[in-house]
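Peer 1: Quick one: this structure, given as structure tokens, is what I'll be asking you about.
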Amino acid sequence: MIQIDKNGRIKSINIKIDDDELTTLDIEPTKEILAQPFCYQWNGSEFIKLDIEPINDEQQNRELKAHRYLKETDFYVVRKIETGVAIPKEVMNNRNRAREVLIASLPSSDF
Numbered sequence: 001m002i003q004i005d006k007n008g009r010i011k012s013i014n015i016k017i018d019d020d021e022l023t024t025l026d027i028e029p030t031k032e033i034l035a036q037p038f039c040y041q042w043n044g045s046e047f048i049k050l051d052i053e054p055i056n057d058e059q060q061n062r063e064l065k066a067h068r069y070l071k072e073t074d075f076y077v078v079r080k081i082e083t084g085v086a087i088p089k090e091v092m093n094n095r096n097r098a099r100e101v102l103i104a105s106l107p108s109s110d111f
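UniProt numbering numbers the first residue of the sequence shown as 1 and each following residue consecutively.
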């Protein structure tokens, strides 16, 4: 599964982001797309490689990993709410770090 924005740019791979502005494609990503997802764009029938280098591949990979970690550990939060069972300290620390990565990538609010 790959999610793309309105411009056909990849926003997530194998992790569903709840965003009405994203389109979900039931497509298995190739090794090339997995290695550099931000270098590809959906043209309506296939992914094409853009003639650009990623701006900051390391940061973008960190953001994908942060999204993935939060998604994969959401059940701890639900379990806490539903049953009162504590979230392991290590998981809480890692979730906080993942959020910090995502917050750091937000655009400036200085308008």
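We treat Cβ as the ideally placed atom computed from N, Cα and C, and that holds for glycine. Model, not experiment: these values are computed from the prediction.
1) Buried or exposed for F75, going by 16 or more other Cβ atoms inside 10 Å?
2) Using three-state DSSP, classify T30 as helix, strand or coil.
3) Would you mind giving the Cβ-Cβ distance between Q3 and F38, rounded to the nearest angstrom? I have them listed as a contact below 8 Å.
4) Let me know the secondary structure DSSP gives R102 once reduced to three states.
5) Excluding sequence positions up to five away, which residues of its chain have a Cβ less than 8 Å from the Cβ of V85?
6) Pull the bridge partners of S12 from the DSSP assignment, please.
Peer 2: If we stick to the structure as given:
1) Residue numbering aside, residue 75 sits at position 75 when the sequence shown is read from its first letter. Exposed.
2) Sequence index remark: in the sequence shown, residue 30 carries index 30 (1-based). In the structure shown, T30 adopts coil according to DSSP, grouped into three states.
3) Here residue 3 refers to the residue found at position 3 of the sequence shown. Here residue 38 refers to the residue found at position 38 of the sequence shown. 13 Å between Cβ atoms; not a contact.
4) The residue given as residue 102 occupies position 102 in the sequence shown. The identity of residue 102 in the sequence shown is Leu, whereas the question assumes Arg. L102 falls in the helix class under three-state DSSP.
5) Along the sequence shown, one-based indexing puts residue 85 at 85. Contacts found: R79.
6) In the sequence shown, the residue the question calls residue 12 occupies position 12. S12 is bridged to Q3.
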